[in-house]
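**Q** Numbering (the numbering used here), first residue to last: 1032 to 1358. We put the CB at the ideal spot given by N, CA and C, even for glycine. I have a structure here, written as structure tokens, and I will follow up with some questions on it.
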Amino acid sequence: MTAPVPAFDLLDAGQVEALPDLQWLVAGVLPAPAFAVLYGEPGCGKTFTALSMALAIASGSPWLGREVHRAPVLYIAAEGVLGLKLRLRAHRAKHGVPPPNDAEMRFIASAIEIMKPDQVAALLAAMETRAFRPGLIVIDTLARVALGADENSASDMGRIVEGFDMLKRETGATVLAIHHSRKDGGAERGSSALRGAADVMIRCESVVGVTCGGVTLECAKMKDGEAFGTVLATLESVTLDGGGTSLVLGPGENIGAALRGIAGKQIVELLRTQFAETGATHAELKAAFVTAEFGSASSFDRAWRDLKGEERILVSELNKRKVFSLK
């Protein structure tokens, strides 16, 4: 059978300008519809972040102070649903809200094989049978729905993305895939085909050295909108009725100054030790900060803005370059 020939619309400039504006599930952070990737090292807080965002969208509650568009959520807990049990109870205890009802949020407690169109079709049929049409689909994690795939293969990653695109196209939902970063803690793991296909890339990093604990969220890609500034969030421990504890994501304004202060001390220590005799340019100092695993480049930038105007930082010029050292 010959495949049908597609019909193409030729839009003029006026029709393009009349297209709908970008819509958001979470203002400035998560567009709708979109394919988004939340990535970071194991244990950095990715699932806490995704679950917090999902619960806010399902209930229509603000997320870390940002306006939310209310929509049903499907959470595919491919790594197992039991780990979410205490986290859901902790969220309810912290915010004093009832659990999301069937119309607001549903969970799948097993992995689907995203590279197999028949399995994606079966998932879509299950949603259709239950008259459940989500506005957000969370995939936790990409690796667990792509067992046997070579993440470094552009071909395999392309098939993974095709599965996510099928979900997005058939439901009109935003698909948010949780993924791991490379062992060096930098970019996401696997082929660059993933980043090329994504509308949004969000890097999640744990906050180390502050008593409250937390995460930073950095926009690594925003295809059709302005990149959002770094989001700080706390991870607060909640004691549950009947015993046990879990963590709940919350606003992180109170950890911002502490985080910058810690990074500032680390920068000063680099100037005191590694660059005591030669001083360092801005680029050299930033590279040393990242290499020492004190934090990301943006963590350096935030701390440096507070630090560079202090009297103890000496600025000189060498070969038409600014060199920084300690007085």
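Provide the residue span of the alpha helix (DSSP H) that contains GLU1193, from first to last.
**A** Segment 1185–1202, the alpha helix (DSSP H) holding GLU1193.
**Q** Taking a contact to mean a Cβ-Cβ separation below 8 Å, would you say GLY1096 touches PHE1259 in this structure?
**A** no
**Q** With ALA1121 and VAL1346 assumed to form a contact (beta carbons below 8 Å), what rounded beta-carbon distance in angstroms separates them?
**A** Cβ atoms of ALA1121 and VAL1346 stay farther apart than 8 Å, at about 48 Å.
**Q** For a test of the three-state rule: what should DSSP assign to HIS1211, helix, strand or coil?
**A** strand
**Q** Give the C-beta separation of LEU1271 and LEU1041 to the nearest angstrom, bearing in mind that I take them to be a contact with Cβ-Cβ under 8 Å.
**A** Rounded, the Cβ-Cβ distance is 59 Å, inconsistent with contact.
**Q** Roughly how many whole angstroms lie between the Cα atoms of GLU1324 and ALA1218?
**A** 14 Å
**Q** Which residue wins for smallest C-alpha separation from HIS1211, given the options ILE1233, ARG1200, GLY1340, ASP1337?
**A** ILE1233
**Q** Look up THR1322 in the DSSP assignment and give the residues it is bridged to.
**A** THR1322 is not bridged to any residue.
**Q** By a C-beta neighbour count over all protein chains shown, 10 Å radius and 16 as the cutoff for buried, is LEU1301 buried or exposed?
**A** Classified as buried, LEU1301 has 16 or more neighbouring CB atoms from the shown chains inside 10 Å of its CB.
**Q** Within 10 angstroms of the Cβ of ALA1109, are there 16 or more other Cβ atoms? Answer buried if so, exposed if not.
**A** buried
**Q** Have a look at ALA1224 and GLU1342 and give me their C-alpha separation to the nearest angstrom.
**A** When rounded, the distance between both Cα atoms is 47 Å.
**Q** For ASP1230, count neighbouring C-beta atoms within 10 Å of its own C-beta (all shown protein chains included) and say buried if the count is 16 or more, exposed if not.
**A** buried
**Q** Check LEU1173 in the structure and name its three-state DSSP category.
**A** coil
**Q** Enumerate in chain order the residues of its own chain whose CB-to-CB distance from ALA1185 is below 6 Å, with the five nearest sequence positions on each side excluded.
**A** Within the same chain, ALA1185 has close Cβ partners SER1222, ALA1224.
**Q** VAL1246 and GLY1045: beta carbons closer than 8 Å?
**A** no
**Q** Closer than 8 Å is the cut-off here; do at least three beta carbon pairs connect the stretch 1189–1202 with the stretch 1131–1141?
**A** no
**Q** Using only the alpha-carbon positions, how far apart do ILE1168 and LYS1125 sit?
**A** 24 Å
**Q** Going along the chain, which residues of its own chain have a beta-carbon closer than 8 Å to the beta-carbon of THR1312, five neighbours each way excluded?
**A** ARG1352, LYS1353, VAL1354, PHE1355
**Q** Distance check for SER1083 and LEU1069, CA to CA, integer angstroms please.
**A** 13 Å
**Q** Is there at least one non-hydrogen atom of the ligand HEM closer than 7 Å to the beta-carbon of GLU1193?
**A** With respect to the ligand HEM, the structure shown offers nothing to examine, as it has no ligands at all.
**Q** Whose C-beta lies closer than 7 Å to the C-beta of ALA1334 among residues of the same chain, with five residues either side of it excluded?
**A** ARG1291, ALA1294, GLY1295, ILE1298
**Q** When the distance is taken between beta carbons, is ILE1107 closer than 8 Å to ILE1170?
**A** yes
**Q** Between which two residues does the alpha helix (DSSP H) carrying PRO1148 extend?
**A** 1148–1160
**Q** Please name the residue, chosen from THR1080, LEU1061, GLY1074, that lies closest to ALA1102 on a Cα-to-Cα basis.
**A** LEU1061
**Q** Just curious, the alpha helix (DSSP H) that VAL1047 is in, first and last residue?
**A** 1044–1048
**Q** What is the DSSP secondary structure of LEU1178, counted as helix, strand or coil?
**A** coil
**Q** Tell me the DSSP secondary structure of THR1242 in three-state form.
**A** Its pLDDT being 48, under 50, THR1242 is placed unreliably in this model, and the value from its coordinates should be taken loosely. In this structure, THR1242 counts as coil in the three-state DSSP scheme.
**Q** What did DSSP end up calling SER1347 once you bin it into helix, strand or coil?
**A** DSSP places SER1347 in strand when its eight states are reduced to three.
**Q** Per DSSP, PHE1355 is paired with what?
**A** ALA1311, VAL1346
**Q** Report yes if the C-beta distance between PHE1163 and ARG1200 is below 8 Å; otherwise report no.
**A** no
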